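Colleague: Keeping their order, the protein sequence lines are chains A and B.
Counting from 1, one number per residue, gives the positions in the first sequence under our numbering.
Counting from 1, one number per residue, gives the positions in the second sequence under our numbering.
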Amino acid sequence: AQSVTQLDSQVPVFEEAPVELRCNYSSSVSVYLFWYVQYPNQGLQLLLKYLSGSTLVKGINGFEAEFNKSQTSFHLRKPSVHISDTAEYFCAVTKTGGTSYGKLTFGQGTILTVHP
Amino acid sequence: EAGVAQSPRYKIIEKRQSVAFWCNPISGHATLYWYQQILGQGPKLLIQFQNNGVVDDSQLPKDRFSAERLKGVDSTLKIQPAKLEDSAVYLCASRPLDIAKNIQYFGAGTRLSVL
Chain A
1 AQSVTQLDSQ VPVFEEAPVE LRCNYSSSVS VYLFWYVQYP NQGLQLLLKY LSGSTLVKGI
61 NGFEAEFNKS QTSFHLRKPS VHISDTAEYF CAVTKTGGTS YGKLTFGQGT ILTVHP
Chain B
1 EAGVAQSPRY KIIEKRQSVA FWCNPISGHA TLYWYQQILG QGPKLLIQFQ NNGVVDDSQL
61 PKDRFSAERL KGVDSTLKIQ PAKLEDSAVY LCASRPLDIA KNIQYFGAGT RLSVL
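1. 7 Å is my cut-off, CB to CB: does residue 58/A come that close to chain B?
2. Kindly indicate if chain A contains any beta-carbon less than 7 Å away from that of residue 43/B.
3. Please check the pair residue 82/B and residue 114/B, which I expect to be a contact at CB under 8 Å, by giving their CB distance rounded to whole angstroms.
4. Compute the Euclidean distance between the alpha carbons of residue 119/B and residue 70/B, then round it to the nearest angstrom.
5. Would residue 95/A be called buried (16 or more neighbouring beta carbons within 10 Å of its own) or exposed?
6. Beta-carbon separation of residue 76/A and residue 63/A under 7 Å?
7. Can you grab the Cα-Cα spacing for the pair residue 16/B / residue 80/B, in whole Å?
8. Give me the Cα-Cα distance between residue 71/A and residue 25/A, rounded to the nearest whole angstrom.
9. Could you tell me whether the stretch 14 to 29 of chain B touches the stretch 102 to 111 of chain A, where touching means 3 or more Cβ pairs closer than 8 Å?
10. Under 7 Å, do residue 33/A and residue 74/A count as touching if we go by C-beta distance?
11. How do the stretch 92 to 108 of chain B and the stretch 21 to 40 of chain B stand: do at least 3 beta-carbon pairs fall below 8 Å, yes or no?
12. Residues in the stretch 38 to 69 of chain A with C-beta within 8 Å of chain B's C-beta atoms, listed in sequence order?
13. Looking at the secondary structure, which residues open and close the beta strand (DSSP E) in which residue 68/A lies?
14. Against chain A, with Cβ distances strictly below 7 Å, would residue 108/B count as a contact?
15. What does residue 78/A reach in chain B if we use C-beta pairs closer than 7 Å?
16. What do you reckon, are the CB atoms on residue 10/B and residue 111/B nearer than 7 Å?
17. Residues in its own chain within less than 6 Å of residue 78/A by CB, not counting five upstream and five downstream?
18. Return the first residue and the last residue of the beta strand (DSSP E) that residue 50/B is part of.
19. In whole angstroms, what separates the C-alpha of residue 59/B from that of residue 88/B?
20. Roughly how far, in whole angstroms, is the beta-carbon of residue 30/A from the beta-carbon of residue 2/A, given that I think they are within contact range, below 8 Å?
21. Contact defined as beta carbons within less than 8 Å: I believe residue 22/B pairs with residue 6/B. What is the distance between those atoms, to the nearest angstrom?
Now the structure itself:
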């Protein structure tokens, strides 16, 4: 079974500052990794994904994440945040194959609050 | 292209009542998921369909929850009877069959309050 731990439940930051949201995962098999964002009263929107290839993945809205297999981490970063980035962010994993392929296991979420 | 449609957006019921949620996935998406998101937690998979067949319902509380996708398109999730702990947002997601496009698209969800 897979599990995901998001190390910070809340991250406050000032506008234009850099931010890192941390995600560690545990799995006995190969996984794909994802970051989703959820704005208030909305569904989840994909920010970026790691399936294979370069370990540095770029996504929408200026976000990027780095897959570190040895540390089983997939931290999300943005060099300069905006007020509009205020939302909840979820890290998720899925097996690369087998039964229940595509089933996402989510972390608990990190609430990012950007202050002016 | 149209996104995943869910209705209703909000529902308030009393415990022991029944409730049903509806989901219409993106056209052509073979795989459909129902997730339960309790406040302060990440979404948890309840059931996964591929076309009209169940792939995984291991975390569905089958004594009270049921789901169907009869024609392999839209789906309904039912709770009967509801308990207080069922208060949550119920998210529907769909994914195309092509495994190279391993992205799930989520609807806006149905927020259920059980009083």
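Think of the CB as a built atom: it goes at the ideal place given N, C-alpha and C, for glycine as much as any other residue.
As the structure is a prediction and not an experimental result, all values here were calculated from the model.
Modeller: Once the coordinates are examined:
1. Start at 1 with the first residue of the first sequence, and residue 58/A comes out as number 58. Chain B contact via Cβ: absent.
2. The sequence position of residue 43/B within the second sequence is 43, counting from 1. The beta carbon of residue 43/B sits closer than 7 Å to some beta carbon of chain A.
3. The residue labelled residue 82/B in the question sits at position 82 within the second sequence. The residue labelled residue 114/B in the question sits at position 114 within the second sequence. Confirmed, about 5 Å.
4. Within the shown structure, residues of chain B are numbered from 1 to 115, placing residue 119/B beyond reach of any answer.
5. Here residue 95/A corresponds to residue number 95 of the first sequence, with the count starting at 1. When all chains shown are included, residue 95/A counts as buried.
6. By one-based count along the first sequence, residue 76/A stands at place 76. By one-based count along the first sequence, residue 63/A stands at place 63. Their beta carbons are under 7 Å apart, which means residue 76/A touches residue 63/A by this criterion.
7. As a first step, residue 16/B must be located in the second sequence, where it is residue number 16. As a first step, residue 80/B must be located in the second sequence, where it is residue number 80. Distance between the alpha carbons of residue 16/B and residue 80/B is about 7 Å.
8. Here residue 71/A corresponds to residue number 71 of the first sequence, with the count starting at 1. Here residue 25/A corresponds to residue number 25 of the first sequence, with the count starting at 1. Each residue's Cα considered, the two are about 9 Å apart.
9. no
10. By one-based count along the first sequence, residue 33/A stands at place 33. By one-based count along the first sequence, residue 74/A stands at place 74. Their beta carbons are under 7 Å apart, which means residue 33/A touches residue 74/A by this criterion.
11. yes
12. 41, 42, 43, 44, 45, 46, 49 and 51
13. In the first sequence, counting from the first residue as 1, residue 68/A sits at position 68. Unbroken beta strand (DSSP E) run through residue 68/A: 64 to 68.
14. Within the second sequence, residue 108/B is the residue found at index 108, counting from 1. Judged by the 7 Å Cβ criterion, residue 108/B is in contact with chain A.
15. The residue labelled residue 78/A in the question sits at position 78 within the first sequence. Here the premise fails: no neighbours, minimum Cβ distance about 20 Å.
16. As a working mapping, residue 10/B is identified with position 10 in the second sequence. As a working mapping, residue 111/B is identified with position 111 in the second sequence. Going by C-beta atoms, residue 10/B is nearer than 7 Å to residue 111/B.
17. By one-based count along the first sequence, residue 78/A stands at place 78. So the qualifying residues of the chain are 19, 62 and 63.
18. Indexing the second sequence from 1 puts residue 50/B at position 50. Taken as a continuous stretch (DSSP letters only), the beta strand (DSSP E) holding residue 50/B covers 44 to 50.
19. Locating residue 59/B in the second sequence gives position 59, counting from the first residue. Locating residue 88/B in the second sequence gives position 88, counting from the first residue. The alpha-carbon atoms of residue 59/B and residue 88/B are separated by roughly 15 Å.
20. One-based indexing of the first sequence puts residue 30/A at position 30. One-based indexing of the first sequence puts residue 2/A at position 2. Their Cβ separation, rounded to whole angstroms, is 10 Å, which puts residue 30/A and residue 2/A out of contact at 8 Å.
21. Counting from one through the second sequence, the residue named residue 22/B turns up at place 22. Counting from one through the second sequence, the residue named residue 6/B turns up at place 6. Contact flag correct, Cβ pair sits at about 7 Å.
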